[in-house]
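A quick write-up on the structure given underneath.
Protein chains: 2
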Amino acid sequence: MKKTRALLPLGEFEMLVLLAILQAGDGAYGSAILEQVHQRGGRSVARGALYVTLERLDAKGYVASRTEAGPPVRGGRPRRYYTVRPTGLALLRRSLEALGRMREGLELGLKHS
Amino acid sequence: MKKTRALLPLGEFEMLVLLAILQAGDGAYGSAILEQVHQRGGRSVARGALYVTLERLDAKGYVASRTEAGPPVRGGRPRRYYTVRPTGLALLRRSLEALGRMREGLELGLKHS
DNA sequence: TCTCAATGCATACATTGTTGGCATGAAGAA
DNA sequence: TTCTTCATGCCAACAATGTATGCATTGAGA
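Here the protein sequences line up with chains A and B, keeping their order. With our numbering as the guide, the letters of the first sequence map in order to residues 42 to 154. With our numbering as the guide, the letters of the second sequence map in order to residues 42 to 154.
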């Protein structure tokens, strides 16, 4: 984490990234997160886009990261793993709940939740 | 509608506004929409923020608007009513579905949908 | 050695998000 | 009638988020 900025609502992509980190669980490093966004989010973004967002989420204290030695296949070279911090999780919940309330009673015929 | 720009993913606030219009139904004019965002979205934004967003959604063809005579209490002065167009609805669905898939399997303990 | 693949990060620019204040016109008070 | 107050809508400006390209590093394997 770099500094502690405002407590503004999460952007759309920020939500996706936060959720992707949660989905990736322990192995949440760049490519894995990107993969989640691609698969579930059904959207392909450039790696750079992800890293910039991760950096910003980090700066706001919503995620934490540790640089750990990678798997042997990778020659043990380090990777940067991310985790969602309580603040980030809380904010994510708030955003999702707002959307949920916003949707209440509407018949949108979504294919998923 | 002004012009037809890109087909990028909807921003967070844009989703809220689109949903708010749907919630407001027939009476979807500025203040009514704002009220929905405030109540359900649990967030207070300046009127200007809403109008700018509506304008942009309009420019992208996601919403349509008609200026109609307002109620007698208002001396019949006109109001601008908005409706969500098919394109906007489709995009909204896509965004919500992506979030839905992104959430699948996660135990977030949300208070609502 | 040389090349390739996997990562992460920096740069730059486009799009969104947000606020504050201006303007108009009817209603109601003075 | 004149003044003040709402209710609306909109514009200018600026902050934050979204996104693509491309550079740099470092083992693996040819």
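Heads up, the beta-carbon is just placed ideally off N, CA and C, and yes, glycines get one too. A quick note: this is a predicted structure, and the numbers were derived from the prediction, not measured.
Proximal residues of chain A, C-beta to C-beta of residue 117(B) below 7 Å: What residue 117(B) touches in chain A: nothing, since even the nearest Cβ is about 31 Å away.
Reduced DSSP category for residue 119(A) - H, G, I as helix; E, B as strand; rest coil: strand
Minimum Cβ-Cβ distance from residue 145(B) to chain A less than 9 Å: yes
Residue 46(B) at chain A interface by Cβ criterion, 9 Å: Because the pLDDT of residue 46(B) is 46, which lies under 50, any placement of that residue in the model is unreliable, and the question is left without a value.
Residue 148(B), DSSP secondary structure in three states: coil
Min CB distance residue 85(B) to chain A below 9 Å: no
Three-way DSSP call (helix, strand, coil) for residue 78(A) in this model: helix
Length of the line joining the Cα atoms of residue 125(A) and residue 105(A): 6 Å
N-terminal and C-terminal residue of the alpha helix (DSSP H) that residue 88(B) is part of: 88 to 100
First through last residue of the alpha helix (DSSP H) which encompasses residue 58(B): 53 to 65
Contact test: residue 56(A) Cβ vs the ligand MG heavy atom, cutoff 8 Å: Among the ligands in the structure shown, none appear at all, so the ligand MG cannot be discussed.
Which of helix, strand or coil DSSP assigns to residue 110(A): strand
Beta-carbon proximity list for residue 90(A), same chain, < 8 Å, skipping 5 on both sides: 54
Within chain B, partners of residue 113(A) - CB distance below 7 Å: Within 7 Å Cβ-Cβ: nothing; residue 113(A) doesn't reach chain B, min ~29 Å.
Reduced DSSP category for residue 131(A) - H, G, I as helix; E, B as strand; rest coil: helix
Chain-ordered chain A contacts of residue 52(B) [CB-CB under 8 Å]: 52, 53
Beta-carbon gap between residue 121(A) and residue 71(A) smaller than 9 Å: yes
Where the stretch 119 to 145 of chain A meets chain B: residues whose CB sits under 9 Å from a CB there: 130, 133, 134, 135, 136, 137, 138, 139, 140, 141, 142, 143, 144, 145
C-alpha gap between residue 79(A) and residue 85(A), whole angstroms: 5 Å
Residue 143(B) versus residue 110(B) - alpha carbon distance: 43 Å
Residue closest to residue 98(A), alpha-carbon to alpha-carbon, out of 147(A), 150(A), 151(A), 130(A): 130(A)
Proximal residues of chain A, C-beta to C-beta of residue 151(B) below 9 Å: 134, 137, 138, 141
Buried or exposed by the 16-neighbour rule on C-beta atoms within 10 Å, applied to residue 81(B): buried
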